[in-house]
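Counting from 1, one number per residue, gives the positions in the sequence shown under the UniProt record's numbering. Heads up, the beta-carbon is just placed ideally off N, CA and C, and yes, glycines get one too.
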Amino acid sequence: MSDAEGAWVGLFSGGKDSSWAVYRALEEGLDVSHLVTVHPTGDSYMYHVPATELASLAAQSMNIPLIDVEPDDFGAADATDSSAQGDDELEPLEAALIELDDDLEGGIAGVTAGAVESEYQTSRIQGLCDRLGCELFAPLWQKEPRDLADAMLEAGFETTIIQVAAHGLDESWLGRTLDRQALDELEELNEEYGVHILGEGGEFETFVVDGPHMDRRIDLEYESEWEGTRGRLRITDARLASSNRE
């Protein structure tokens, strides 16, 4: 358990990795008082992009207040300069955290993040934490992907694949639950095509519809949109179930 004073803030998209980071923080006894979701307006080097609007339902199920960050434009930096764009994308998040640090009694003790292997993302978030004078809790960082995926299943995470963009992932993966059969197939696709088992390279994106950190399951209705080699779910309705343990 951390000795840092103040509250913890979860960087949260609703996807499996950020959800796992928050869940593990709670399991470690860290006081996660707020979640922060950045809603990119287009492609992003730093953030999970699809269906971030669902994060508010997940936060409601977790009984943790959510702060939305909706930057006007991530395109101010040269699009060919990924380093500059990553720094540019970080600015609205940092501004929101500075404001929250001022508002919270005791300030921000630390931030949770779901990065697995991305030095690009983790180094920037670590720099942000250094500037805020708080800790970084990144429980997925450099862990073995299959072990992490199995731990999520064992904990009771129910995860839906909402976007795919990689060789070997066809339309049938959209809406699929990330269960052990899916993980076995992803391991095979990793050997054949290099698909990351956790989708760390953007091969697929997810949304956690249920888990031990949530009071109620999230029910989704959707339509598949497929564009030849990639696709996503267009969410037509999302709601909290009347009870999670019926």
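Residues bridged to residue i (per DSSP)
i           : result
R180        : Paired residue(s): none; R180 is not in a bridge.
H34         : V9
D210        : E158
R216        : None; R216 has no bridge partner.
residue 247 : Beyond the ends of the chain as shown, which are 1 and 246, falls residue 247; an answer cannot be given.
E191        : DSSP lists no partner for E191.
R131        : Per DSSP, none; premise fails for R131.
R239        : D219
T112        : G10, F137
L100        : According to DSSP, which records beta bridges pairwise, L100 is partnered with nothing at all.
Nonlocal neighbours in the same chain, by C-beta distance under 8 Å from residue i, ignoring five residues either side
i    : result
I108 : G6, A7, W8, V9, L97, L100, D101, L132, C134
I67  : H34, L35, V36, T37, A96, L100
A238 : L54, L57, I218, D219, L220, E221
Straight-line gap, residue i to residue j (C-alpha atoms, nearest Å)
i           : j    : result
D88         : G29  : 33 Å
M176        : G127 : The question names Met, but residue 176 is Arg in the sequence shown. C-alpha separation (whole angstroms): 36 Å.
E221        : L240 : 12 Å
A155        : S19  : 12 Å
A151        : G114 : 14 Å
L11         : E91  : 14 Å
Y45         : S242 : Annotation note: pLDDT 47 at Y45 (below 50); position unreliable, no value reported.
H39         : D31  : 24 Å
P145        : S118 : 13 Å
R234        : L174 : 10 Å
P212        : G168 : 31 Å
L93         : M62  : 21 Å
E203        : D170 : 11 Å
T236        : C129 : 37 Å
R232        : L186 : 18 Å
residue 263 : I64  : There is simply no residue 263 to check, as the chain begins at 1 and stops at 246 in what is shown.
T112        : V195 : 26 Å
L178        : G110 : 30 Å
G199        : S172 : 16 Å
K143        : I197 : 12 Å
Own chain partners of residue i with C-beta closer than 6 Å, once the 5 adjacent residues on each side are dropped
i    : result
E158 : V209, D210
L183 : A149
L153 : none
A59  : L35, L66
T206 : G15, K16, T159, I161
T52  : S13, T37, H39
V116 : L140, L198, E200
Cβ neighbour criterion (16 or more within 10 Å) applied to residue i
i    : result
D103 : exposed
R180 : exposed
S224 : exposed
E105 : exposed
W226 : exposed
D147 : exposed
E27  : exposed
S13  : buried
G228 : exposed
Same chain, Cβ closer than 7 Å to residue i, five either side skipped, listed in chain order
i    : result
R230 : V164, A165
E70  : H39
Contact test: residue i Cβ vs the ligand COA heavy atom, cutoff 7 Å
i    : result
R216 : Although the ligand COA was asked about, the structure shown includes no ligands whatsoever.
If contact is defined by three or more beta carbon pairs under 8 Å, each pair taking one atom from either stretch, is the region 124 to 141 in contact with the region 21 to 28? yes
Below 8 Å, how does it come out for the region 176 to 196 and the region 213 to 222: are there three or more Cβ pairs, yes or no? no
Decide if the region 107 to 122 is in contact with the region 159 to 178; the criterion is three or more beta carbon pairs, one per stretch, under 8 Å apart. As far as the Cβ criterion goes, the region 107 to 122 does not touch the region 159 to 178, which means the pair count is below three.
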